[in-house]
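Some notes on the structure that comes next.
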Amino acid sequence: MINIKQAAWLITLYVLYCSLTGCSVQPSTKQATTPYIESKCHNYLTEQYHQLSQQHTMDQQTQPVPQYPYVRINRLLASYIYTLDTGPRRTAWLAQAYQETNKAWKIDVANLPKSYQTLHAQKIDSCLQQTFSKLVDNDQFFSALREFRYPDAYISWRQWAGLYPLTQYFLVPGIAAWHEEASQQFNQSSVTTLKNTVIYPPEQKVPSATSLSTDTIQSWFRHAYQNNALQLPLLRPEQLEKLFYHYAPVWSIQKQGDYDTPGEVVLTPQPTVSNQPVTYTLTSMTRFHGKTLLQLNYIIWFKERPASSILDIYSGNLDGVIWRVTLTEKGEPLIFDSIHTCGCYHTFFPLSERLQTKQVTNHLEPPLIIPIDLPKTSHPARWAISISSAEHHITGIQPLELDTTAAKADKAYTLQSYDQLRSLPLPSGERKSLFDEEFGIVSTTERAERWILWPSGVPSPGAMRQWGNHATLFIGQRHFDDPYLLSQLFRWR
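Mapping to the UniProt record's numbering: the sequence shown position 406 is 406, numbers consecutive.
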């Protein structure tokens, strides 16, 4: 019979033995994930991230996840981090996170010297594949993910330093005046009445894109929603290409100089725009009325916004317009909205009578929502967008028939991926992003208005900036890529 003292001594020996040999009665979940956390690939990718971050060479279209900084996500993916409670949902989320991460790393590496690419490009690609394949079972990763707060595009200390609670009231008259002017100008001039107007339709390079039927589009969307646990409208690349052409706008631009040509962005090494008409495309998504909806973004760039006078605080190098088409779960246009590439002049154009504007109370900068005359039949695929000279404001939109745009065209534009702007060739043969590494701003596009609007917290107000960095309010906070933007401003009745 073993007495109490002997039992205590045996237990002490057993504990000592286990501490030396690593034995355990039952393996814990945390121990199972430790080899991955300390894996060579995890450490290597983390080291590379910090090294490139210190050199200010990281692309700013996505943001790193804490403790796993090599994982890069956007606002849409960040909006799902509290709902990843099953294996299929985690798998679907990680698949999209991998696409964003892999794209961002390839862009970063492409913008670095050839010597770095030779040493690290292949290893980074291999390690990303290895780490993402193991993340689905890594509870520590999803725990860190739930603590992540996606950074906003405002600088808080500037708001307080500029006495923002008081100075915001000085911005109200200017915002109200712009709302009134934009509403009065809109649709007063049609496509045919603007003087010196140049018509830019999309160049048809996609086979059978003009023959997309409603049934075909609905079938694409139905299968896209069913093919992933998050019910995202993930169309195939060839489907997206045809859809971008199908809904591509016809730009009707009043031309008084080269600064009114929507061209291709080039680095000389300073950023400028060629006279070759180009429209850049990018997809995004919004979460509205219980659905995640696909958005098609069409971006055009101009050489400059010329000064109207010596005191024009809005003029400067480069200008641009983003035209966004939000599609229903059936692939039909639900609402248009637009900003300039500085994030300014955000305007909404609802296409459905069932979209009801929410009452925004105690808000000094309400959204500008302009009603349009809806066709009595089904919505057409293509619309003409009238844009004024120099200021490049949208002054009207008009539905068009697909087969009538070619006859009225002056010069067709080509569709190019927006991602090309994240890695452009330099005259030296190297590559560089159009946007900087701090706030995603295009250098040399600073505006004098920044000295007046800096208390708003918007970095360099008026400057052109990268997708994901468009702050659209000077009073309060709002982001163009916020997946809940429509839900905040509209309801479905």
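Think of the CB as a built atom: it goes at the ideal place given N, C-alpha and C, for glycine as much as any other residue.
Quantities reported herein were computed from a predicted structural model and do not represent experimental measurements.
When the Cα atoms are used, Gly462 and Ser417 turn out to be separated by approximately 24 Å. His340 and Gly320 do touch by the CB rule: their CB atoms are close to 6 Å apart, below 8 Å. Rounded to the nearest whole angstrom, the C-alpha separation of Val136 and Leu52 is 26 Å.
Taking the CA atoms as reference points, Ala248 sits about 12 Å from Phe336. Residue state for Pro173 is assigned as helix, using DSSP reduced to three classes. Ser456 sits in a helix when the DSSP states are folded into three classes. As DSSP reads the structure, Leu282 sits in a beta bridge with Asn297. Cβ atoms of Asp258 and Asn275 come within 8 Å of each other, at about 6 Å. Scanning the stretch 337–377 from its first residue to its last, the whole beta strand (DSSP E) runs of 3-plus residues come out as 347–350, 355–357. Proximity of the stretch 285–301 to the stretch 238–252 meets the contact definition, three or more beta-carbon pairs being nearer than 8 Å. Rounded to the nearest whole angstrom, the CA to CA distance from Tyr80 to Phe186 is 37 Å. When DSSP assignments are scanned along the stretch 93–120, no uninterrupted stretch of alpha helix (DSSP H) that is 4 or more residues long falls wholly within it. Around the beta carbon of Arg478, a 10 Å sphere encloses 16 or more other beta carbons of the protein chains shown; the residue is thus reported as buried. With a cutoff of 7 Å on beta-carbon distance, Ala471 and Gly343 are scored as near each other. In its chain, beyond the 5 residues on either side, Trp93, Gln96, Ala97, Glu100 have a beta carbon closer than 8 Å to the beta carbon of Leu77. Counting the other CB atoms within 10 Å of its CB gives Leu374 a total below 16, which places it among the exposed residues. Considering only Asp419, Val109, Gln159, Pro237, the residue with the shortest C-alpha distance to Tyr280 is Asp419.
Counting along the chain, Tyr70 sits inside the beta strand (DSSP E) bounded by residues 68–73. Between the stretch 114–129 and the stretch 142–152 there are fewer than three C-beta pairs closer than 8 Å, too few to call the two in contact. Contact annotation: the stretch 360–372 does not touch the stretch 234–248, with fewer than three C-beta pairs closer than 8 Å.
For the pair Val442 and Pro459, the Cα-to-Cα distance works out to about 12 Å.
Secondary structure at Asn196: coil, using DSSP grouped into helix, strand and coil.
Asn74 and Ala384 have their C-alpha atoms roughly 31 Å apart.
Counting only runs of 4 or more residues that sit fully inside the stretch 377–434, the alpha helix (DSSP H) segments are 405–408, in chain order. Close CB contacts of Thr62 within its chain, under the 8 Å cut and outside five residues either way in sequence, are with Arg72, Ile73, Asn74, Glu100, Thr101, Ala104, Gly468 (chain order).
Here DSSP, grouped into helix, strand and coil, assigns Ile313 to coil. Taking the CA atoms as reference points, Glu47 sits about 28 Å from Arg465. Per DSSP, the continuous alpha helix (DSSP H) segment holding Arg222 begins and ends at 214–226. Just so you know, the alpha carbons of Ser133 and Phe474 end up roughly 42 Å apart.
Counting every other CB atom within 10 Å of its CB across the protein chains shown gives His42 a total of 16 or more, marking it as buried. Judged by DSSP secondary structure, Leu45 falls within the alpha helix (DSSP H) whose first and last residues are 40–54.
As the crow flies, the alpha-carbon of Thr414 is around 27 Å from that of Pro350.
Judged by their CB atoms, Arg287 and Tyr484 are nearer to each other than the 7 Å cut-off. For Leu486, the enclosing alpha helix (DSSP H) starts and ends at 485–489. Rounded to the nearest whole angstrom, the CA to CA distance from Tyr154 to Asp215 is 43 Å. Within the same chain, Cβ atoms closer than 6 Å to the Cβ of Leu45 are found at Tyr70, Cys127, the five residues on either side in sequence being excluded.
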